[in-house]
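*Asks:* I am attaching a structure below and will ask some questions about it afterwards.
Number of protein chains: 2
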Amino acid sequence: MVGGGSSERSLQRALELGAIDRAAEGPEDALDGVDVCFVCAPVSAVVESAAAALASGGDAVVSDVGSTKCSVLEGLAERGLSVEDRSRFVGGHPLAGAETAGVDHASADLFQDARWYLTPTESTSGVHYDRLYRTVSALGARPAAIGASIHDRLMATVSHLPHVLANALVSQAAHELVEESQTLPATGPSFRDATRVAGANPPLWRDIFLANRDAIDGEIETLVASLRKVQEDLRAGDADAIERSIERSRADRRRLLESELAGGAVSEVRAAVPNRPGIVAQLALAVGEAGVNIVDMALYPAPDMRSGAIALWVQGDGSAERVIGVVEALGFRAHVA
Amino acid sequence: MVGGGSSERSLQRALELGAIDRAAEGPEDALDGVDVCFVCAPVSAVVESAAAALASGGDAVVSDVGSTKCSVLEGLAERGLSVEDRSRFVGGHPLAGAETAGVDHASADLFQDARWYLTPTESTSGVHYDRLYRTVSALGARPAAIGASIHDRLMATVSHLPHVLANALVSQAAHELVEESQTLPATGPSFRDATRVAGANPPLWRDIFLANRDAIDGEIETLVASLRKVQEDLRAGDADAIERSIERSRADRRRLLESELAGGAVSEVRAAVPNRPGIVAQLALAVGEAGVNIVDMALYPAPDMRSGAIALWVQGDGSAERVIGVVEALGFRAHVA
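In the order they appear, the protein sequences are chains V and P. Going by the numbering used here, the first residue of the first sequence is number 130, and it counts up by one from there. Going by the numbering used here, the first residue of the second sequence is number 130, and it counts up by one from there.
See the structure below:
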């Protein structure tokens, strides 16, 4: 394992930790005798580094780990690389990451069981794709081939669009509340949930938005069409159409949650509890002791901030009933939502 | 306290519990000698009951507890009530509620410290408004006068629009994933957070959407304008405009969260933890023992479902540092996000 990078200290530390066997002197040295090269750089810098790696010769398959794929392929297409050199590039995107960065936080099982999208094209060399596939598998990940544009659309839908909406929604609310001299009403969980990622890491998300701009543009267009349909139903006062549409979303959410977790049906249990330090612990501890794993949870404080509800999403047959029993044994009320 | 309702059993139980002193024989009997009348009915049924209460004579101030206000005022305006009778109606909306319904779950302190919006109009009788205000205060709530249309816009922004978006987003994702034969990628928390309320109680939300349709229509229009601006910035590749806009959302979110909680600055701490039963409990217990109250939390499982992150929003000076200390003492990593 050869490591290359601009920080001398990081390379030294990586050597000490055994994360790499050799620190490269520069890009060309880094590729010397290498079979697989991963370019790990911000989306905006991937193309330049990948092009340099491909142009420096050798037979390495070159991949990246960025969250959007079309822009990299397009960028490389403009670099005047030979057909052979371009055939050695395969885009990649591991769905893994930690809350911490830097070599000091390196972890050997970071990619264990993580999906790792690979985006080969018609001109990709089969032998190089196969080598990358086996390398990714050896890291414990689950490689999955997907078209670059499908990949980018999926990411736009399930990740980038929710960020766009969170940003728009939080600013809309802030603007109206200031205009009307009101503070945020304690209405329920929906606003907080919908805006939790608002304003996340501006420079990082600026780059992601730009790198996937075509797909995000398309997803916004689709969403606007849905919103226009809602407006149409509202203006027509079409109660049936509105209810049917909510019913469809209900079925869609359950299906997605179940496919995501792939371990059986998910139930939502709501417990009404006093809002004090330790209550989340008491409840979660009791649920854990009952052998039920919580796949998602949300806290909903009541307006007085002294009581509230905890929603628990639990998985597996009978889990909801067990959780209700546990909550009631603690003296609180619970029901399946 | 006189109770009226269509269920004989509920009235009987309310008497037993002391929630009411007398069960009324019918609407007119219910109002006999009463100073304040609360019409507690689904939004779609409020107008008819309120109009009947006003028309039956007497001097009671009549109010309701529905989540939208303009449609009630408009409905009453169409009922041909006398100016005097209409002057005794004041719309109301307490921001309180429990996870449970029915008289068996009645609670004397349900409204303690809850904001209770009142929507008087130019034709509201001052003496009746004052009586309602004092009654609501006596229940422990904090009454706040607000224009009906401003109220409805605020609710549309912070509650109804997030539901519309959650519904639209979940169906858009489900449709695309099926089309591309993909399952939901484990990309991060944004999608799950944004769609948590998708498909909530279809008949209830159908009624809410319809009752507040004008305001929701307007809020959708405003959101679509924001989305068009995002598309414009993306197409122009305007990195500065995109980053500035995310920065604004970042400031807006923090401001809203702080105004909502009104108890000092809120910090977000992220802890990286193994994903197993009991871990939430262990962490929350330790944080609770350190005297820090968790105002919001979210679980972010990693793709392998064996590790993940817990985000904790905590309030007050020094809370974030204390939480980090607690987490590290447990052997996990944490940082301020």
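For each residue, glycine too, the CB sits at the ideal point set by N, CA and C. These numbers come from a predicted model, not from an experiment.
Would you identify the three-state DSSP class for P/Thr248, choosing helix, strand or coil?
*Replies:* strand
*Asks:* Where does V/Ala427 fall in DSSP's three states?
*Replies:* strand
*Asks:* Look at V/Leu144 and V/Ala153 and say whether their C-beta atoms are less than 8 Å apart.
*Replies:* It is not a contact, given that the beta carbons lie outside the stated cut-off.
*Asks:* If distances are taken between C-alpha atoms only, which option among P/Leu283, P/Glu213, P/Arg357, P/Glu348 comes closest to P/Ser196?
*Replies:* P/Leu283
*Asks:* Any C-beta of chain P within less than 9 Å: which residues of the segment 313 to 334 of chain V qualify?
*Replies:* Leu313, Pro314, Ala315, Thr316, Gly317, Pro318, Ser319, Phe320, Arg321, Asp322, Ala323, Thr324, Arg325, Val326, Ala327, Gly328, Ala329, Asn330, Pro331, Pro332, Trp334
*Asks:* Please name the residue in V/Ala370, V/Asp446, V/Asp425, V/Ser448 whose C-alpha comes closest to that of P/Ala440.
*Replies:* Across the set V/Ala370, V/Asp446, V/Asp425, V/Ser448, the C-alpha of V/Asp425 shows the shortest separation from the C-alpha of P/Ala440.
*Asks:* For P/Ala243, which residues from the same chain have a beta carbon less than 6 Å from its beta carbon, with the 5 sequence-adjacent residues on both sides left out?
*Replies:* Spatial neighbours of P/Ala243 in its own chain (CB-CB distance under 6 Å, excluding positions within 5 residues in sequence) are listed in chain order as Pro223, Leu224, Ala225, Ala270.
*Asks:* Compute the Euclidean distance between the alpha carbons of P/Cys166 and V/Gln311, then round it to the nearest angstrom.
*Replies:* In a straight line, the C-alpha of P/Cys166 is about 28 Å away from that of V/Gln311.
*Asks:* Under 8 Å, do P/Gln301 and V/Leu352 count as touching if we go by C-beta distance?
*Replies:* yes
*Asks:* Roughly how many whole angstroms lie between the Cα atoms of P/Ile149 and P/Asp446?
*Replies:* 45 Å
*Asks:* Starting from the N-terminal side, write out each stretch of the beta strand (DSSP E) that is 3 residues or longer and does not extend beyond the segment 260 to 292 of chain P.
*Replies:* 271 to 274
*Asks:* Can you tell me whether DSSP reads P/Ile337 as helix, strand or coil?
*Replies:* helix
*Asks:* Assess contact between the segment 206 to 214 of chain V and the segment 178 to 191 of chain V, defined as three or more Cβ pairs (one per stretch) separated by less than 8 Å. Is contact present?
*Replies:* Segments in contact, yes.
*Asks:* For P/His234, count neighbouring C-beta atoms within 10 Å of its own C-beta (all shown protein chains included) and say buried if the count is 16 or more, exposed if not.
*Replies:* exposed
*Asks:* Which term fits P/Val105, buried or exposed, when burial requires 16 or more other beta carbons within 10 angstroms of its beta carbon?
*Replies:* Shown here, chain P extends from 130 to 466; a query on residue 105 of chain P therefore has no answer.
*Asks:* When burial is assigned at 16 or more other CB atoms within 10 Å of the CB, is P/Leu160 buried or exposed?
*Replies:* Buried, because 16 or more other Cβ atoms sit within 10 Å of the Cβ of P/Leu160.
*Asks:* Which residue from P/Gly133, P/Ala327, P/Ser266 puts its Cα closest to that of P/Ser288?
*Replies:* P/Ala327
*Asks:* May I ask which residues mark the beginning and end of the alpha helix (DSSP H) holding P/Gly420?
*Replies:* Unbroken run through P/Gly420: none, as it is neither H nor E.
*Asks:* Determine the chain P residues that contact V/Pro291 at a beta-carbon separation under 7 Å, and present them in chain order.
*Replies:* Leu298, Ser319, Phe320, Ala323
*Asks:* Please list the terminal residues of the continuous alpha helix (DSSP H) segment that includes V/Asp193.
*Replies:* Not the alpha helix (DSSP H): V/Asp193 falls in the beta strand (DSSP E), residues 190 to 193.
*Asks:* Got a sec, what are the start and stop residues for the beta strand (DSSP E) P/Gly204 sits in?
*Replies:* Here P/Gly204 belongs to no beta strand (DSSP E); instead the alpha helix (DSSP H) covers 199 to 206.
*Asks:* Can you give me the start and stop residues for the alpha helix (DSSP H) that P/Ala353 sits inside?
*Replies:* As written in the sequence, residue 353 of chain P is Val, which differs from the Ala given in the question. That run of the alpha helix (DSSP H) goes 342 to 365.
*Asks:* Could you tell me whether the segment 331 to 341 of chain P touches the segment 364 to 383 of chain V, using the rule of 3 or more Cβ pairs below 8 Å?
*Replies:* yes
*Asks:* Less than 8 Å between CB atoms is the rule here; does V/Gln301 satisfy it with respect to chain P?
*Replies:* So, interface residue.
*Asks:* Who are the near neighbours of P/Val163 in its chain, counting only those whose CB is closer than 8 Å to its CB and skipping five residues on each side?
*Replies:* Result list for P/Val163: Val131, Gly187, Ala189, in chain order.
*Asks:* Considering only C-alpha positions, which residue in the set P/Val168, P/Gly231, P/Val176 is nearest to P/Ser136?
*Replies:* P/Gly231
*Asks:* Does the beta carbon of V/Ile453 come closer than 8 Å to any beta carbon on chain P?
*Replies:* no
*Asks:* Under the assumption that V/Thr471 contacts V/Glu348 (Cβ atoms under 8 Å), give the Cβ distance between them as a whole number of angstroms.
*Replies:* Any property of residue 471 of chain V remains undetermined from this structure, which presents chain V solely from 130 to 466.
*Asks:* Is there a C-beta anywhere in chain P that falls below 8 Å from the one on V/Ser266?
*Replies:* no
*Asks:* V/Asp193 and V/Val175 look like a contact to me (Cβ under 8 Å); what is the Cβ gap, rounded to whole Å?
*Replies:* Yes, they are in contact, since the Cβ atoms of V/Asp193 and V/Val175 sit about 5 Å apart, within 8 Å.
*Asks:* Can you confirm whether V/Arg342, when its beta carbon is compared against all beta carbons of chain A, has any partner nearer than 8 Å?
*Replies:* Protein chains in the displayed structure are V and P, and chain A is not among them.
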